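S.K.:
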Amino acid sequence: MSDVGSTSTAGGPLLEVTDLVKHFPIKSGLLIDREVDQVRAVDGISFSVNKGETLGLVGESGSGKSTACRAVLQLLKPTSGSVKFEGQEIAGLSRRELRPLRREMQMIFQDPYASLNPRKRVGQIVGDQLKIQKVASGKALRTRVEELLERVGLSPEHYNRFPHEFSGGQRQRIGIARALALGPKLVFCDEPVSALDVSIQAQIVNLLDDLQDEMGLTYVFVAHDIGVVRHISDRIAVMNHGKIVETGEADQVCEHPRDAYTKKLLAAVPIPDPRESRARRERAGTTG
Amino acid sequence: MSATPETAPAPSGAGAGPLLAVENLRVGFATEDGRVQAVDGVNFELEPGEVLAIVGESGSGKSVTAQTIIGLTRSPNSHIEGSVRLSGDELTTKSERELQKVRGSKIAMIFQDPMTSLNPVYTVGKQIVEAIRAHDSSIGRSSAREQAVELLGAVGIPDAERRVNDYPHEFSGGMRQRAMIAMGLALEPSVLIADEPTTALDVTIQAQILHLIQDLNRSRGLATILITHDLGVVAEVADRVLVMYGGKVVEQGTLDDIFYDPQHPYTWGLLGSLTRLDQPRPHRLPQISGAPPSLLNLPKGCAFRPRCPHEFGKCKEVPGLDPRLPEDPNHRDRCWLEPEQKRKLREIEGRIGLEEPT
Ligand SMILES: Nc1ncnc2c1ncn2[C@@H]1O[C@H](COP(=O)(O)OP(=O)(O)OP(=O)(O)O)[C@@H](O)[C@H]1O
Ligand SMILES: Nc1ncnc2c1ncn2[C@@H]1O[C@H](COP(=O)(O)OP(=O)(O)O)[C@@H](O)[C@H]1O
Ligand code: SF4
Ligand SMILES: [Mg+2]
Ligand SMILES: [Mg+2]
Chain L
17 MSDVGSTSTA
27 GGPLLEVTDL
37 VKHFPIKSGL
47 LIDREVDQVR
57 AVDGISFSVN
67 KGETLGLVGE
77 SGSGKSTACR
87 AVLQLLKPTS
97 GSVKFEGQEI
107 AGLSRRELRP
117 LRREMQMIFQ
127 DPYASLNPRK
137 RVGQIVGDQL
147 KIQKVASGKA
157 LRTRVEELLE
167 RVGLSPEHYN
177 RFPHEFSGGQ
187 RQRIGIARAL
197 ALGPKLVFCD
207 EPVSALDVSI
217 QAQIVNLLDD
227 LQDEMGLTYV
237 FVAHDIGVVR
247 HISDRIAVMN
257 HGKIVETGEA
267 DQVCEHPRDA
277 YTKKLLAAVP
287 IPDPRESRAR
297 RERAGTTG
Chain W
90 MSATPETAPA
100 PSGAGAGPLL
110 AVENLRVGFA
120 TEDGRVQAVD
130 GVNFELEPGE
140 VLAIVGESGS
150 GKSVTAQTII
160 GLTRSPNSHI
170 EGSVRLSGDE
180 LTTKSERELQ
190 KVRGSKIAMI
200 FQDPMTSLNP
210 VYTVGKQIVE
220 AIRAHDSSIG
230 RSSAREQAVE
240 LLGAVGIPDA
250 ERRVNDYPHE
260 FSGGMRQRAM
270 IAMGLALEPS
280 VLIADEPTTA
290 LDVTIQAQIL
300 HLIQDLNRSR
310 GLATILITHD
320 LGVVAEVADR
330 VLVMYGGKVV
340 EQGTLDDIFY
350 DPQHPYTWGL
360 LGSLTRLDQP
370 RPHRLPQISG
380 APPSLLNLPK
390 GCAFRPRCPH
400 EFGKCKEVPG
410 LDPRLPEDPN
420 HRDRCWLEPE
430 QKRKLREIEG
440 RIGLEEPT
């Protein structure tokens with residue numbers, strides 16, 4: 017199902033994933049753990065992402081979206097398969113070998129509450145990687161962090177505050193600032209707006225859009241709200257049971273889905289229009 | 090729209106009056122930083138078979154409203170006023186023991202966060218079995234287990250027979266939420282309070298859950314309070330809607346009132362920021378600027394004022410939740426603008442929305 021980018025650029029794709037597999041063992045037994053079976057969380061997926069592009073990833077809960085992101089990023093060790101970033105194989109690299117790549121690839125998490133260390137100040141959270149990777153220190157570090165805070169719509173005065181002093185939307189902005197600190201090329205956004213209020217969701221989606229334009233970012237964007245995914249994505253890949261069942265242009269996939277599972281998924285999206293949704297229910301009721 | 094579906098049985102509490110009546114509910118908390126008026130005057134009635142949706146941003150008081158109905162906000166630092174009657178029976182004055190009985194049988198609540206409500210050290214199956222047997226101790230362990238498998242299947246857990254033995258951490262986020270819903274339904278309640286039950290779910294499961302709730306509404310006359318911030322979900326299942334902002338109801342009406350004749354600029358903003366698959370995508374999502382207010386420091390006058398592009402002099406006074414449309418006394422809102430102005434201002438490029446302040 018590999019779909020080499022329709023908007024492909026000269027240098028080839030930024031990310032190329034081929035036959036990626038991640039299985040989790042199912043253990044049983046009271047005293048001795050025996051492996052009895054496997055959860056095929058990601059079961060041989062292939063896709064590519066071009067520079068500056070957004071690839072949306074949709075699918076039911078448990079279909080393997082988060083596992084796929086983590087396995088691509090090598091936060092989980094893939095069972096098998098290849099992950100090429102700028103042409104270089106990264107599957108199977110050691111922690112140390114991966115370190116420089118952490119600057120290029122980052123992740124924004126779903127839960128803006130759980131993903132920030134409550135005991136650290138905002139400045140530390142955002143600046144930690146800059147320090148660890150020895151990109152900046154001292155006054156330059158502080159200036160850089162303050163710039164980042166401003167860029168994501170917070171204020172430099174927030175530098176010394178703790179995460180619990182912020183709303184969900186603001187925490188997500190902190191998470192975004194942290195992800196962008198090292199100037200990554202590729203950012204995985206795993207349900208970045210699902211935990212946020214509708215009005216704040218729109219703000220964050222617009223922010224991610226603006227940052228992409230300004231910094232030439234490439235996104236892999238996971239969300240269960242297909243409307244949001246379609247809004248932000250150039251292409252969409254649909255996952256079901258650990259496999260990609262359809263990939264295509266965002267509008268194409270949403271308006272003319274080819275795969276039966278994609279059709280089912282789209283049919284379940286609520287229409288925020290009572291008359292339309294009543295009409296759809298009646299159509300569904302009369303046809304079967 | 091508030092009419093009861095024909096199939097719904099009569100309310101069990103014999104006498105006339107609604108199944109659930111909430112009157113002038115106010116809930117305040119004393120906190121270190123001062124007093125928080127989390128809920129400030131909520132009124133509604135609920136009939137069997139009806140779905141009332143409460144929408145609004147986080148911190149607007151939705152969960153506290155729901156939790157107070159079943160007595161879960163009682164604590165030394167809380168102050169509760171107003172009345173909650175279930176089939177005429179006042180709940181706010183009941184003892185904790187009496188309330189537990191109500192919670193175990195008549196009103197079920199599904200919580201927002203499935204991880205905090207599932208116990209990580211017991212299997213999902215065991216927890217549902219316990220819920221079933223706590224509700225009806227005459228049910229044996231093995232038939233309770235069968236019911237648990239059935240319920241898990243009904244809420245869309247694949248391979249339920251096997252996964253009933255999983256621990257919560259072995260479920261994906263969506264599966265944990267479904268397990269919670271299964272537990273709530275095990276009680277066969279007459280009122281279901283569902284606090285963001287589908288927020289963490291993907292659309293197919295969400296649709297299944299909503300249809301499940303709808304089926305129960307029709308077949309058993311289950312009355313539902315559905316708390317959500319997803320207006321798509323509201324459009325699919327609700328009969329009536331309360332829009333909350335800063336602890337107050339800012340607009341209240343039928344489903345069609347809220348979607349086709351919304352009176353409050355906050356409601357316009359919510360409707361405008363929706364993505365729609367059945368329409369071309371706009372270049373930018375229209376957004377409501379700013380953030381929800383802190384209850385410790387509510388703006389004077391209309392609470393939406395700092396975010397409202399249409400505010401004017403009069404907005405410094407608190408608008409009441411009044412019927413402002415002469416033809417429709419049940420459609421109420423808290424905005425000082427004239428209905429004529431509202432109809433003009435909410436129209437943006439042929440759609441309802443909130444203009445972005447420049
Ligand atoms: N550490 C683990 N051990 C065992 N099974 C796991 C583990 N992590 C994930 N799984 C299983 O892998 C499958 C895919 O999970 P994953 O979290 O990737 O789903 P998802 O598509 O992100 O779902 P959601 O939309 O609910 O977040 C599920 O069946 C899940 O139960
Ligand atoms: N036990 C409590 N003590 C103090 N404040 C509380 C308590 N519970 C809720 N609140 C506050 O009440 C307000 C409304 O909360 P809630 O009803 O949970 O909002 P939501 O609309 O998101 O469900 C929030 O400002 C919250 O911080
Ligand atoms: S009362 Fe004034 S500030 Fe409040 S919503 Fe209406 S116009 Fe806006
Ligand atoms: Mg996930
Ligand atoms: Mg809540």
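Going down the list, the protein sequences come from chains L and W. Our numbering applies: residue 17 is where the first sequence begins, and numbers increase by one. Our numbering applies: residue 90 is where the second sequence begins, and numbers increase by one. Ideal placement from N, C-alpha and C gives every residue a C-beta, glycine not left out. Computed from a predicted model, the values in this text were never measured in an experiment.
1) In three-state terms, what does DSSP make of W/R370?
2) Give the residues of chain W in contact with L/R246, contact being defined as C-beta atoms less than 9 Å apart.
3) Who are the neighbours of L/H272 on chain W, taking C-beta pairs under 7 Å?
4) Please decide whether W/S51 counts as near chain L, where near means a Cβ-Cβ distance under 8 Å.
5) Tell me, please, whether the region 384-402 of chain W touches the region 347-362 of chain W by the rule of three or more beta-carbon pairs shorter than 8 Å.
6) Please check if any C-beta of chain L sits within less than 8 Å of the C-beta of W/S164.
7) State the DSSP-derived secondary structure class of W/H168, mapped to helix, strand or coil.
8) W/I270 by DSSP, collapsed to three states: which one?
9) Quick one: what does DSSP say W/E416 is sitting in, helix, strand or coil?
10) So, with DSSP's three-state summary, where would you put W/A312?
11) Should W/P428 be counted as a contact of ligand 3 given a C-beta to heavy atom distance under 7 Å?
12) Between the alpha carbons of L/D229 and L/F101, how many angstroms are there, rounded?
13) Taking W/V292 as the reference, which of L/S210, L/M231, L/N66 has the closest Cα?
14) Does at least one heavy atom of ligand 3 sit under 7 Å from the Cβ of W/Q425?
15) Less than 8 Å between the beta carbons of W/V213 and W/P257, yes or no?
16) Cβ of L/V285 within 8 Å of Cβ of L/I242?
17) Interface residues of chain L around W/V322 at Cβ under 7 Å?
18) Where do the N-terminal and C-terminal ends of the alpha helix (DSSP H) with L/E82 fall, by residue?
19) What do you get for W/E185, buried or exposed, if any count of 16 or more other CB atoms within 10 angstroms of its CB means buried?
20) What runs of the beta strand (DSSP E), each 3 residues or longer, lie entirely inside the region 184-264 of chain W?
21) Can you tell me which of W/G123, W/G130, W/P375 puts its alpha carbon nearest to the alpha carbon of W/E112?
22) Spell out the partners DSSP gives L/V37 in its beta bridges.
23) With 8 Å as the threshold, decide whether the Cβ of L/E298 is near any Cβ in chain W.
24) Figure out for me which residue from W/D122, W/L443, W/S152, W/C404 has the closest Cα to the Cα of W/L426.
25) So is L/I148 buried or exposed if we call it buried at 16+ other beta carbons inside 10 Å?
26) Any C-beta of chain W sitting closer than 8 Å to the C-beta of L/K67?
27) Would you mind telling me which residues of chain W sit closer than 7 Å to L/Q122, beta carbon to beta carbon, in chain order?
28) Find the nearest neighbour of L/E32 within the set L/A57, L/K67, L/Q140, L/K43, judged by alpha-carbon distance.
29) Does at least one heavy atom of ligand 6 sit under 7 Å from the Cβ of W/H353?
30) Output, in sequence order along the chain, the residues in the region 129-150 of chain W whose CB is closer than 8 Å to any CB in chain B.
31) Under 7 Å Cβ-Cβ, which residues of chain W neighbour L/Q219?
32) Would you report the Cα separation of W/L109 and W/N132, rounded to the nearest angstrom?
33) Using the Cα positions of W/E285 and L/L198, report the straight-line distance between them to the nearest angstrom.
34) Kindly indicate which three-state DSSP category W/K337 falls into: helix, strand or coil?
35) Per DSSP, what kind of secondary structure is L/S64 in: helix, strand or coil?
36) Using a Cβ cut-off of 9 Å, which residues of the region 291-316 of chain W contact any Cβ in chain L, in chain order?
M.R.: Quick answer:
1) Here W/R370 sits in coil by DSSP.
2) T364, L366, R370
3) Annotation: L/H272 has no Cβ neighbours in chain W at a cutoff of 7 Å; minimum Cβ distance is about 12 Å.
4) Chain W is shown only over 90 to 447; residue 51 of chain W falls outside these bounds and no answer can be derived.
5) yes
6) no
7) strand
8) helix
9) Here W/E416 carries a coil assignment [DSSP, helix/strand/coil].
10) strand
11) Every heavy atom of ligand 3 is 7 Å or more from the Cβ of W/P428, so no.
12) 21 Å
13) L/S210
14) This sequence places Trp at residue 425 of chain W; Gln is not what is there. The beta carbon of W/W425 sits closer than 7 Å to at least one heavy atom of ligand 3.
15) yes
16) yes
17) P286
18) A small fix is needed here, since residue 82 of chain L is Ser in this sequence, not Glu. Start and end: 81-88.
19) exposed
20) 196-199
21) Comparing alpha carbon positions, the residue from W/G123, W/G130, W/P375 closest to W/E112 is W/G130.
22) In the DSSP output, where bridge partners are listed per residue, L/V37 has L/D59, L/S96.
23) no
24) W/C404
25) If you draw a 10 Å sphere on the C-beta of L/I148, you find fewer than 16 other C-beta atoms in it, and that means exposed.
26) no
27) Going along chain W, no residue has its Cβ under 7 Å from L/Q122, so there is no contact; the nearest lies around 21 Å.
28) Ranking L/A57, L/K67, L/Q140, L/K43 by Cα distance to L/E32 puts L/K67 first.
29) The model depicted lacks ligand 6 and carries ligand 1, ligand 2, ligand 3, ligand 4 and ligand 5 instead.
30) Going by chain labels, chain B is absent from the structure shown, which instead holds the protein chains L and W.
31) Q376
32) 11 Å
33) Going from the Cα of W/E285 to the Cα of L/L198 covers about 36 Å.
34) strand
35) strand
36) D291, V292, T293, I294, Q295, A296, Q297, L299
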